Each structure stands twice: as C-alpha cells, then as structure tokens.
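Worksheet: one structure, shown below.
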Ligand SMILES: *Cc1c(COP(=O)(O)O)cnc(C)c1O
C-alpha cells in the first residue's frame, strides 16, 4: 500500500465540542481503482477532490455501494473498530448484487486499519464521540452504455462524529411506499436505496414525523425497518424483530443487540411481525417499547407510532428500557469499558 502523508494536518480546524456530523473529513483517504479486470495498488493520500468524466457510469446507472462503521477511542487513548469483518463481508455482498467486482478482504481490512491508525488524532476522545468511516465503491467507466462498468473506484473517507443526542422518534407506518421490494436490492447497502427513501421520508417529515416504518412491499402488513435502521419491538418481556430477508439490511448493530440480549437472558424472536399484532399488543397493554438501531445512533427509542388513524404512544421507561440497557452494553464493548466476550473489538492503535 502506497502512503503519501499530508504536509499540513487540518486537525487544528476541528472543534471537537461542536462536530456537525458528516461535514468534516480527516487528513487522509484511501483510493483503490479496479481496471482491466484487476484491483490496482491501494493508495492512502491527502483527502481531496478528484476529477471524473461526466460520462462516468455511476452518474447514469447508479452502480454505487457503501458501508458505515466507526472507530472509538478509550480512556487510555487506544483506538478500536467494532466488527469490521461484518462490514467487509456485507460490502462484497452488496458488490455482487450491483454487478461490481468484489474487493479482496485484505484491501478493505488493512486499508481501513492503516488509514485510521494514520488519522487516529481524528478519533475524538469522550463517550459517544467517534470517527465515522465511510468505505464506498463507484463505477467510473466513462461511457454511456447501459451495461456494467469496466472500471471502478473503491475509496474510504473518515468523518469525526459527535455524540448522538436524538430525542425519541415519532414514526409513521408506510402503507403506500416501499424502501425495498422482494428480489430487489434492499439487502445491499446501495446508494439507490437511500435515494428511493428520500421522497417518502420527506412526506412523513412534512406530516410531522421523524421517520417511516417500512413494511413489506407486497402487502404493507409486516414491519421491516425504521428509516435507515433496523427495528425492534418489545411485547411483554420478549423482543421481536423482522427476520433478515432480501428486503432488509443485515445490520451489524441489530445482530449484536440480538446476541447481547440473549446473553442477558432475554428472549428474542426473529419473525414476521404484523402491524395488526402491534396495534393489538398496544390495545392489550403489552407493547412496551419500540426502537431503531444502527451504527450512527446505536439505539433510537421510538415514542410515537402512527398507524393509519391510530397514534400509539409508548411510555418513557428510563433505565428500565431494554433499549437503554442494550445500548449501554454495546457502547461498553465499543469503548473498551467492558470485556469483549465475542471478540468484536479490533484494536488499530
Ligand atoms: C446501514 C443500514 C442499517 C444499519 O446497519 P448497521 O450495520 O447496524 O450500521 C440498517 N438499515 C439500513 C437500511 C441501512 O442502510
């Protein structure tokens, strides 16, 4: 791997007490091109713009995939990644579905480790803060043919992230639009899935909600995801979440929460969950919690679910909430505050 260091770090421009997510980028980036059927040598170089032909196929046919993971700093200055192998595998699953070349595991893993170690000053200290890592791949062949590109670029950029202080969400159940459909690309982390969600999400925001709860595209009867997060419901003392399918992203946070919940002796059911069952549980008084989860926010409690004409208000459970207990457990592993019984932490520095 070729490494060209910046002559002038920009770290002095960063105010770690006021980080607006996604607006600042660390000193370096990783770039690796795929040409003539082979991955070229990856290169780490100063973060900066690059020139592209306006005919590049990503602009026309949308071959674009990404990942999102974080680096966390512990009190001793150590820097850790959380289950990056899961992102690496999912990245290649996305690549296969979008007819893009798979990336060798080593380029992904060594590339990210080397980049984060080099830019480790950009991993802000303090609970809740992190360095968000964004690996992505785009099609770069300069040709207007509606066929898979012959050239690709893999790159990794990093953006410091402050703590996520979201208030509990209010969400509306989708009865018309879908994020993903059967046989489609919902399980891939494709840029197009986000583009497809923006319009229905903006309609929900206009109506006063924060997010859409996506339902299955065929019947709109079964809940699947919340915005760009996985979703859990607590009915009685059991946690219920939709099973992973070709419409649902196999979230790293979701599967980690399932493992931690089961280890804590909670019962977790991965099964179809209908909107009718949720409203019935609400009416019977057994619907206790709902929460979204993902790398960005870790866990986001839901306070209101709007279903057709019904507003489901969920109680504020405070420390009693499973969501908060599970959030504390996952954060303790991420920030090296607790043992790591499943080998999820990867030290980079
Ligand atoms: C990225 C993403 C998630 C969260 O996945 P994590 O691996 O937990 O960050 C959930 N749903 C969708 C649709 C996503 O794109």
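Numbering (the working numbering), first residue to last: 709 to 1057.
Glycine residues also receive a C-beta, built at the ideal position from the N, C-alpha and C atoms.
If you're wondering where the values come from, they're calculated on a predicted model, not measured in any experiment.
I believe residue i touches residue j by the beta-carbon criterion, under 8 angstroms. Please report the beta-carbon distance rounded to the nearest angstrom.
{"i": "residue 947", "j": "residue 1030", "result": "6 angstroms"}
{"i": "residue 950", "j": "residue 932", "result": "5 angstroms"}
{"i": "residue 754", "j": "residue 712", "result": "7 angstroms"}
{"i": "residue 1035", "j": "residue 786", "result": "About 21 angstroms separates the two Cβ atoms, so there is no contact after all."}
Residue i and residue j: beta carbons closer than 8 angstroms?
{"i": "residue 808", "j": "residue 865", "result": "no"}
{"i": "residue 961", "j": "residue 934", "result": "no"}
{"i": "residue 1052", "j": "residue 1041", "result": "yes"}
{"i": "residue 1020", "j": "residue 995", "result": "yes"}
{"i": "residue 840", "j": "residue 848", "result": "no"}
{"i": "residue 811", "j": "residue 747", "result": "yes"}
{"i": "residue 955", "j": "residue 894", "result": "yes"}
{"i": "residue 878", "j": "residue 917", "result": "yes"}
{"i": "residue 881", "j": "residue 921", "result": "yes"}
{"i": "residue 837", "j": "residue 869", "result": "yes"}
{"i": "residue 739", "j": "residue 749", "result": "no"}
Of the residues the options, which one's Cα is nearest the Cα of residue i?
{"i": "residue 979", "options": "1053, 941 and 743", "result": "941"}
{"i": "residue 875", "options": "999, 1038 and 1041", "result": "999"}
{"i": "residue 828", "options": "819, 872, 834 and 781", "result": "781"}
{"i": "residue 1045", "options": "834, 974, 879 and 846", "result": "834"}
{"i": "residue 824", "options": "777, 870, 850 and 794", "result": "777"}
{"i": "residue 923", "options": "884, 954, 952 and 904", "result": "884"}
{"i": "residue 733", "options": "830, 984, 959 and 890", "result": "830"}
{"i": "residue 726", "options": "803, 873 and 1032", "result": "873"}
{"i": "residue 843", "options": "870, 832 and 796", "result": "796"}
{"i": "residue 915", "options": "817, 1016, 898 and 1043", "result": "1016"}
{"i": "residue 1032", "options": "1006, 1018 and 1049", "result": "1006"}
{"i": "residue 973", "options": "945, 984 and 790", "result": "945"}
{"i": "residue 862", "options": "888, 959 and 737", "result": "737"}
For ligand 1, is there any heavy atom lying closer than 7 angstroms to the beta carbon of residue i?
{"i": "residue 901", "result": "yes"}
{"i": "residue 962", "result": "yes"}
{"i": "residue 874", "result": "no"}
{"i": "residue 957", "result": "yes"}
{"i": "residue 937", "result": "yes"}
{"i": "residue 932", "result": "no"}
{"i": "residue 848", "result": "no"}
{"i": "residue 836", "result": "no"}
{"i": "residue 897", "result": "yes"}
{"i": "residue 785", "result": "no"}
{"i": "residue 993", "result": "no"}
{"i": "residue 745", "result": "no"}
{"i": "residue 819", "result": "no"}
{"i": "residue 973", "result": "no"}
Pairing CB atoms from the region 757 to 769 with CB atoms from the region 849 to 859, are three or more of them under 8 angstroms?
yes
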